[in-house]
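Undergrad:
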Amino acid sequence: MREIPKNKRYALGWYNEGVTLLGIREYEEAMTFFENALKAIPNHPDFLIGKGDVLLATGSYPEAHYFYQKAIAQEPDNFRAWMRAGVALLRMGKNEEALETFEKAKDIFEYDGELWLGYGIALLNVHRTTEATESLKKAMRLKPNQPALWYFLSTLEKNDEDAMKLLIRGNRMDPGNIDILLEMSKRLLHMNLEDKSAETLKKAYEIDSENIFVRRAIEHFRKKTGKYPF
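The sequence shown: position 154 = 154 (my numbering), numbered continuously.
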C-alpha cells in the first residue's frame with residue numbers, strides 16, 4: 001500500500017472498515033467508508049480500488065472499471081488494480097480487452113489464483129480452449145477454493161460423472177452458486193437422473209426465482225421430460 005501521511009492515518013482506519021464491510025456484503029456502508037477515506041486522501045490507489053470493488057460487487061461494471069483505471073494512473077504497477085480492471089472488463093463482455101488487462105497484471109505478478117481464473121474465463125469466451133484449460137489448472141494449483149473455478153472446469157468435461165465431481169466440489173464451497181446448480185441439474189438430466197435434476201433445479205429457483213437462466217433451465221427440463229420439475 002502507498003504510504004499514508006502520519007497526520008492522515010485515520011483514513012487507513014476508514015479503509016480497513018470498508019474492506020471488512022465489503023467482505024460481509026454490506027455494500028452501502030462499505031462505500032461510505034471508502035469515500036470518507038478518499039476525501040481524506042484523494043486518488044490514493046488502494047482507496048480507489050476499494051470503491052471500485054464495491055461497484056463491481058453491485059453490478060456497476062463500467063463505473064468499477066473507471067476507478068480501477070484511476071488507481072492504475074496513480075500507481076501503474078499496482079497488480080490488484082490491473083487484475084480487478086480485467087474482471088470488470090470480463091463482466092462487461094469485453095473479453096479481448098480483459099485478456100490484455102490480465103496480461104499486464106501477469107507481468108507484475110503471475111502467482112495469483114484469481115488472476116488465472118479470470119484469464120481462463122476470458123480465454124474460454126474467445127474459444128481458446130486449450131489455453132483456457134491450462135489457465136484454469138494454474139488457478140486450481142494456486143487458489144483451489146474458488147467455487148467458480150470448479151464450475152468452469154466442469155464445462156470442459158465431456159463425461160457427465162467427471163463433471164459432477166467438479167461441480168459437487170464447487171457446490172460444497174458455495175451452495176448458493178446458481179451457475180453450479182444449473183450445470184449440475186443439466187448434467188443430472190443428461191444422466192437420466194430426473195428426480196435429482198429436478199431437486200437441484202428447485203434449489204436454484206428458491207435462491208432466485210426471477211433469474212432468466214433458472215427459468216430457461218425449467219423450460220428445458222419440461223421439454224426434455226414432458227413435465228415441470230416442481
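Think of the CB as a built atom: it goes at the ideal place given N, C-alpha and C, for glycine as much as any other residue. Predicted model, so just to flag it, every value in this text is computed and none were measured.
Relative to the C-alpha of Leu124, which residue among Glu114, Ser135, Tyr68 is closest?
TA: In terms of Cα proximity to Leu124, the closest of Glu114, Ser135, Tyr68 is Ser135.
Undergrad: What does the alpha-carbon distance come out to for the pair Glu183 and Ala37?
TA: Cα to Cα, the separation comes out at about 41 Å.
Undergrad: Tell me which residues share the same chain as Gly176 and place their Cβ nearer than 6 Å to its Cβ, disregarding the 5 neighbours each side in the sequence.
TA: Excluding sequence neighbours, Gly176 sits near Ile207.
Undergrad: In the DSSP assignment, find the alpha helix (DSSP H) that holds Val214 and state where it starts and stops.
TA: Its alpha helix (DSSP H) spans residues 212-225.
Undergrad: Could you work out which residue in Ile121, Thr130, Trp116, Glu103 is closest to Met92 when comparing CA atoms only?
TA: The shortest C-alpha separation from Met92 is found at Ile121.
Undergrad: Below 8 Å on the Cβ atoms is my guess for Pro144 versus Asp174; work out the distance and round it to an integer in Å.
TA: No, Pro144 and Asp174 are not in contact; Cβ-Cβ is about 13 Å, not under 8 Å.
Undergrad: Measuring only the C-alpha atoms, how far is Lys51 from Gln74?
TA: Approximately 15 Å between the Cα atoms of the pair.
Undergrad: Using only alpha-carbon positions, find the residue among Asp77, Ile41, Leu90 that is nearest to His65.
TA: Leu90
Undergrad: Hey, could you find the ends of the alpha helix (DSSP H) Asn145 is sitting in?
TA: Segment: none, Asn145 is in no alpha helix (DSSP H) and carries neither H nor E.
Undergrad: Can you give me the C-alpha to C-alpha distance between Val126 and Ala85, rounded to a whole angstrom?
TA: The alpha-carbon atoms of Val126 and Ala85 are separated by roughly 18 Å.
Undergrad: If Leu253 and Leu117 are in contact, beta carbons under 8 Å, what's the gap, nearest whole angstrom?
TA: Lying before the first or after the last residue shown, residue 253 is absent from the chain, which here runs from 1 to 230.
Undergrad: If distances are taken between C-alpha atoms only, which option among Asp179, Pro229, Asn16, Ser209 comes closest to Glu199?
TA: Selected option, being the one with the closest Cα: Pro229.
Undergrad: Using the rule of at least 16 other Cβ atoms within 10 Å of the residue's Cβ for burial, across every protein chain shown, is Thr101 buried or exposed?
TA: Sixteen is the threshold: when 16 or more other Cβ atoms of the shown chains lie within 10 Å of the Cβ of Thr101, as they do, the residue is buried.
Undergrad: In the DSSP assignment, the alpha helix (DSSP H) including Ser185 goes from what residue to what residue?
TA: Per DSSP, Ser185 is one residue of the alpha helix (DSSP H) stretching across 178-190.
Undergrad: In terms of residue numbering, what span does the alpha helix (DSSP H) encompassing Val126 cover?
TA: Unbroken run through Val126: none, as it is neither H nor E.
Undergrad: Within 10 angstroms of the Cβ of Asp107, are there 16 or more other Cβ atoms? Answer buried if so, exposed if not.
TA: exposed
Undergrad: Between which two residues does the alpha helix (DSSP H) holding Asp160 run?
TA: 160-173
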